[in-house]
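A.B. asks: The structure under discussion is supplied below as structure tokens; questions concerning it will follow.
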Amino acid sequence: MEALLQQHPSGKVVWLYGLSGAGKSTLANLLKVQLQEAGYPAVILDGDRLRGGMNRDLSFSVEDRAENVRRTAEMACVLAEQDIISICALITPLTAHRQLARAIAGPAYMEVLVDCSLEECRRRDVKGLYCLSEQQKLKQFTGVDAAFEPDYQSDLVINTALTTPAAASDQLFRFVKARLGACWTVAPGVMPYK
1 MEALLQQHPS GKVVWLYGLS GAGKSTLANL LKVQLQEAGY PAVILDGDRL
51 RGGMNRDLSF SVEDRAENVR RTAEMACVLA EQDIISICAL ITPLTAHRQL
101 ARAIAGPAYM EVLVDCSLEE CRRRDVKGLY CLSEQQKLKQ FTGVDAAFEP
151 DYQSDLVINT ALTTPAAASD QLFRFVKARL GACWTVAPGV MPYK
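Numbering (the UniProt record's numbering), first residue to last: 1 to 194.
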């Protein structure tokens with residue numbers, strides 16, 4: 001069974017990246033609900049949650065950001081090998097970091113840029129981080145005094161400033177569902193995974 005899963009894993013790694021306040025966590029939560037209602041097992045690996053626990057020993061240096069991505073991608077791969085869809089919501093600011101995640105996850109990896117202007121993210125500022133950064137109480141803040149390298153050639157780009165959360169989630173769900181392939185079939189009458 002293990003050899004079969006390694007050859008043909010049906011789990012996926014959906015990597016949502018973007019600035020703080022772009023809507024990654026909102027989309028991750030909405031996508032998880034849609035996938036589970038459709039019968040697909042899904043979990044969220046949220047950057048904030050991981051940094052508060054498993055990755056709390058990491059700083060925001062370039063090296064530690066890469067390690068944050070590496071650990072998350074490795075965990076997502078373990079889940080994908082067990083037929084679970086991992087929805088990873090991390091800022092992942094550098095192209096090199098996303099290349100690392102793609103290299104670890106391989107064909108299971110789907111990269112989604114959650115695009116939103118810095119001005120709109122500042123306006124939302126749900127965590128008060130942009131305010132702290134402007135007051136110089138928070139250093140190395142992505143998009144302000146630390147680099148953010150968006151790739152508009154990512155597998156999917158969703159501009160959350162131009163659409164509602166529900167419409168963005170529907171777009172993301174259709175994208176993911178189309179890539180699940182024939183390995184996923186939910187038998188009629190089977191209750192969705194909860």
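Think of the CB as a built atom: it goes at the ideal place given N, C-alpha and C, for glycine as much as any other residue.
Taking its Cβ as the centre, do 16 or more other Cβ atoms sit within 10 Å of N68, making it buried, or is it exposed?
C.D. replies: Result: buried.
A.B. asks: I'd like the ranges of any beta strand (DSSP E) spanning at least 3 consecutive residues and lying wholly in the UniProt domain "APS kinase" (11-159).
C.D. replies: The qualifying runs are 13-17, 42-46, 85-89, 109-115, 156-159.
A.B. asks: Are the Cβ atoms of Y17 and V114 separated by less than 9 Å?
C.D. replies: Yes. Within cutoff.
A.B. asks: By a C-beta neighbour count over all protein chains shown, 10 Å radius and 16 as the cutoff for buried, is P107 buried or exposed?
C.D. replies: Label assigned to P107: exposed.
A.B. asks: For W15 versus V112, is the C-beta spacing smaller than 9 Å?
C.D. replies: In this structure, V112 lies closer than 9 Å to W15 by Cβ.
A.B. asks: If I'm right that I104 touches R51 with Cβ under 8 Å, what's the distance once you round it to whole angstroms?
C.D. replies: I104 to R51, Cβ: 19 Å. No contact.
A.B. asks: What is the rounded straight-line gap between the Cα of F60 and the Cα of G23?
C.D. replies: Using only the alpha carbons, I get a separation of about 20 Å.
A.B. asks: Which residues mark the beginning and the end of the alpha helix (DSSP H) in which L162 is found?
C.D. replies: No alpha helix (DSSP H) contains L162, which DSSP labels as neither H nor E.
A.B. asks: Check this for me: beta carbons of V13 and S86, under 9 Å apart or not?
C.D. replies: Yes; because the gap between Cβ atoms is below 9 Å, this pair is in contact.
A.B. asks: Thinking just about the alpha-carbon of each residue, which of A80, G128, S133, R174 is nearest to the one in Y109?
C.D. replies: Checking every option, the nearest Cα to that of Y109 belongs to A80.
A.B. asks: Give the single residue among R174, L27, H97 whose Cα lies nearest to the Cα of T72.
C.D. replies: Answer by Cα proximity: H97.
A.B. asks: Is it right to say R65 is buried, meaning 16 or more other beta carbons lie within 10 angstroms of its own, or is it exposed?
C.D. replies: Classification for R65: buried.
A.B. asks: Anyone know if the C-beta pair for P93 and A161 falls short of 9 Å?
C.D. replies: For P93 and A161, no; Cβs fall outside 9 Å.
A.B. asks: From this set, R102, V43, L132, which residue's C-alpha is nearest S154's C-alpha?
C.D. replies: Considering only alpha carbons, the answer is R102.
A.B. asks: Closer than 7 Å by C-beta to F148: which residues in its own chain qualify, once you throw out the five before and the five after it? Chain order, please.
C.D. replies: Here the set comprises L19, P93, T142.
A.B. asks: Less than 9 Å separating the beta-carbons of residue 205 and G47?
C.D. replies: Here the chain has residues from 1 to 194 only, and residue 205 is not among them.
A.B. asks: With the cut-off set at 9 Å, would you say G181 and D83 are in Cβ contact?
C.D. replies: The answer is no: Cβ separation not under 9 Å.
A.B. asks: Give me the Cα-Cα distance between Q140 and Y130, rounded to the nearest whole angstrom.
C.D. replies: Taking the straight line joining both Cα atoms gives about 11 Å.
A.B. asks: Buried or exposed for A167, going by 16 or more other Cβ atoms inside 10 Å?
C.D. replies: Result: exposed.
A.B. asks: Within a Cβ cutoff of 8 Å, which residues of the same chain sit near T164, ignoring the five residues on either side of it in sequence?
C.D. replies: Contacts found: none.
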